[in-house]
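Report on the structure given below.
Numbering (my numbering), first residue to last: 89 to 798.
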């Protein structure tokens with residue numbers, strides 16, 4: 089049975105209509121009108137007129153549908169075609185709407201026989217509901233009737249929730265836990281469900297509630313603001329997924345996805361059904377933990393003496409030195425700005441205990457939350473018990489008992505709390521309130537390898553500096569070997585007697601712990617050091633190191649030559665960025681087919697294609713005085729840089745299309761390349777813009793893009 093049939097209000101039986109005799113007739117939906125006295129000699133026209141008069145005397149909500157009179161048999165109305173008019177009722181402009189399902193609203197109260205007048209006037213003043221360009225059912229025959237109060241006659245229909253996909257209203261409203269500003273949809277218009285009264289099942293909306301206001305009526309609801317225009321299309325909401333047993337769940341959701349009702353722990357299948365254009369990526373818990381560990385190390389080096397990873401989503405930072413940075417608010421603002429500058433969003437809370445800071449950062453709601461000293465009990469009281477990091481079983485039992493907030497949990501004595509919910513529950517609430525300590529194991533930043541020495545007398549000559557450097561290089565390499573590291577960057581610091589430091593830095597293409605190699609590299613920088621009145625101390629530091637584990641080599645095959653030492657010497661003499669190698673890139677466009685790489689980078693294979701010139705110009709240069717036969721013939725003559733060249737040999741064309749995914753202008757671009765040779769043997773690489781038939785592909789101009797070797 090259709091939903092609208094099931095949801096009709098229970099209408100009390102109307103008084104029976106008297107026929108021509110003593111018999112009493114009645115009607116029911118779906119049945120035809122018939123006389124109970126078959127012997128009465130009435131003509132068909134008189135019978136039709138009598139029945140129409142009796143129907144016209146009925147209240148509007150008790151009239152039958154005209155097509156049930158049996159005048160003709162017709163199919164159900166098509167969604168985009170109006171029904172032909174029956175006798176006595178105007179034609180519909182559009183078919184009736186489908187009512188919402190029963191679970192979307194409470195049942196309407198049953199109507200009483202004496203409420204027909206109120207219903208008639210109510211339906212007469214009900215306005216249209218426009219949905220997707222369709223018109224409402226007609227109520228023209230009820231115009232002109234006096235207004236009646238009907239605000240209390242029908243309960244309002246609840247607004248549609250985010251799980252109601254195709255039933256009823258086309259307006260989307262947030263769920264019970266969402267807010268109005270997140271969804272951005274109009275929530276003001278109240279909907280109600282009318283009974284099957286005028287000509288079919290339709291829904292009506294109070295377009296103008298002020299019409300029902302009066303001295304004996306309650307004030308009307310404010311008019312609904314117009315629905316905002318749809319926002320321009322942007323990036324799709326992003327979530328990360330993780331496998332939980334046999335199903336995929338959401339590990340994290342971006343703010344746009346959270347505004348649509350998605351949250352961590354939700355099944356991915358239901359999330360895709362709710363947001364069809366969802367962007368789903370694989371979660372990387374190990375990578376997240378590694379990043380948090382690096383961030384904790386950075387915090388220890390720059391912000392705090394103690395930092396630790398609290399969980400896969402946050403850090404603990406000891407803030408006892410915040411007064412040295414302008415106070416707690418300035419300290420938190422500085423950390424937040426640093427994270428946002430690097431593309432990370434965060435919420436920061438400062439409290440007396442780690443548990444309180446953890447709870448306020450995740451459930452406080454603000455970007456920065458500062459809890460006054462000793463006020464963690466009041467700050468934590470309205471938060472959910474999820475903020476205390478309880479185990480799932482204890483949290484579920486507490487919720488079944490109605491304990492959903494931290495304040496209610498804190499009011500339970502400790503002994504029964506331990507007996508019923510375990511020691512962890514009592515420990516968490518005590519740690520958050522400061523009644524019990526919570527140990528934190530902070531991260532230890534790796535110590536920077538270094539070797540240092542002091543001199544009895546200041547040294548001034550380069551030979552003395554080189555002798556001290558050789559000793560320090562040996563000590564540093566022994567330390568690197570013990571830790572399994574290889575130095576990638578080394579700095580030599582020389583402290584002068586006047587307190588000034590002279591610094592010389594070198595880098596290596598590959599991690600190394602060879603003292604002779606490091607000494608040779610550093611000796612080339614001794615000439616940059618100004619000893620002044622003498623150097624009293626030296627230090628050799630390796631701020632950047634790589635793991636340098638042993639590797640297996642072939643016993644019978646010769647080892648490949650190690651170019652790292654040569655590269656280091658060249659870079660030291662020429663300067664950084666002066667030494668590189670060209671490697672291939674996956675692109676057919678010539679200027680994007682190669683890129684610079686490190687001198688020891690593994691070369692990528694060049695794509696197998698037509699021959700490429702030895703010299704490729706940074707920007708193609710236009711040609712002048714070009715004579716060529718179209719559409720695909722090479723030029724016979726062209727001018728470049730003020731000189732004319734006559735072509736004697738040519739090869740091509742090689743057609744290269746633009747990369748449409750990069751820009752709109754490049755989507756239709758076409759280049760036809762030719763390798764040509766002039767009369768003196770010089771070889772050029774030319775191309776023509778366009779294919780000769782479509783102007784969108786190019787303007788048919790000629791350019792020179794490269795030079796071949798002779």
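Heads up, the beta-carbon is just placed ideally off N, CA and C, and yes, glycines get one too.
Asked, Found
"Of the residues 476, 473, 454, 445, the one placed nearest residue 462, counting alpha carbons only", "445"
"At least 3 beta-carbon pairs within less than 8 Å: the segment 590-603 vs the segment 651-666", "yes"
"Same chain, Cβ closer than 7 Å to residue 722, five either side skipped, listed in chain order", "716, 735, 738, 740, 762, 764"
"Simplified DSSP assignment, three categories, for residue 423", "helix"
"Cβ shell of residue 725 (< 6 Å), same chain only, five flanking positions each side left out", "715, 734"
"Coarse secondary structure for residue 453, derived from DSSP in three states", "coil"
"Residue closest to residue 649, alpha-carbon to alpha-carbon, out of 363, 431, 748, 688", "688"
"With 16 other Cβ atoms within 10 Å as the buried cut-off, status of residue 443", "buried"
"Contact between the segment 536-554 and the segment 387-404 (3+ Cβ pairs under 8 Å)", "no"
"Residue 601 versus residue 389: straight-line alpha-carbon distance, rounded", "26 Å"
"Sub-8 Å separation of residue 624 and residue 585 beta-carbons", "yes"
"Own chain, CB closer than 7 Å to residue 359, minus 5 neighbours either side, in chain order", "327, 338, 350, 366"
"Reference residue 386; option with closest CA among 372, 373, 427, 591", "427"
"Enclosing alpha helix (DSSP H) for residue 375 [first to last residue]", "373-390"
"Outcome for residue 483 when other beta-carbon atoms lying within 10 angstroms are tallied against a minimum of 16", "buried"
"DSSP-derived helix/strand/coil call for residue 191", "Per-residue confidence for residue 191 stands at a pLDDT of 44, beneath the threshold of 50, marking its modelled position as unreliable; no derived number is given."
"Neighbour-count burial assignment, residue 768, 16 or more Cβ in a 10 Å radius", "exposed"
"Where residue 305 falls: helix, strand or coil (DSSP)", "Summary for residue 305: the model assigns pLDDT 43, below 50, so the residue's position carries little reliability, and this model does not support an answer."
"Whole-Å CB distance - residue 792 paired with residue 728, under 8 Å assumed", "6 Å"
"Of the residues 587, 653, 571, the one placed nearest residue 54, counting alpha carbons only", "Past the edges of the chain, shown from 89 to 798, lies residue 54, and the structure says nothing about it."
"Those runs of the alpha helix (DSSP H) which lie wholly inside the segment 603-669 and span at least 4 residues", "603-611, 652-662"
"Residue interval of the beta strand (DSSP E) (run including residue 816)", "The first residue shown for the chain is 89 and the last is 798, placing residue 816 beyond what the model contains."
"Top-ranked residue by Cα proximity to residue 371, from 352, 538, 384, 706", "352"
"Candidates 583, 137, 561, 587: closest to residue 575 by CA position", "561"
"Identity of the residues DSSP links to residue 580 by a beta bridge", "592, 628"
"Cut-off 6 Å between Cβ atoms - residues of its own chain near residue 354, not counting five sequence neighbours on either side", "338"
"DSSP state of residue 790 mapped onto helix, strand, coil", "strand"
"Cβ-based burial, residue 267 [other Cβ within 10 Å; buried from 16]", "Below a pLDDT of 50, predicted positions are generally treated as unreliable, and residue 267, at 26, falls in that range; no measurement from the model is reported."
"Backbone secondary structure at residue 753 - three-state DSSP", "coil"
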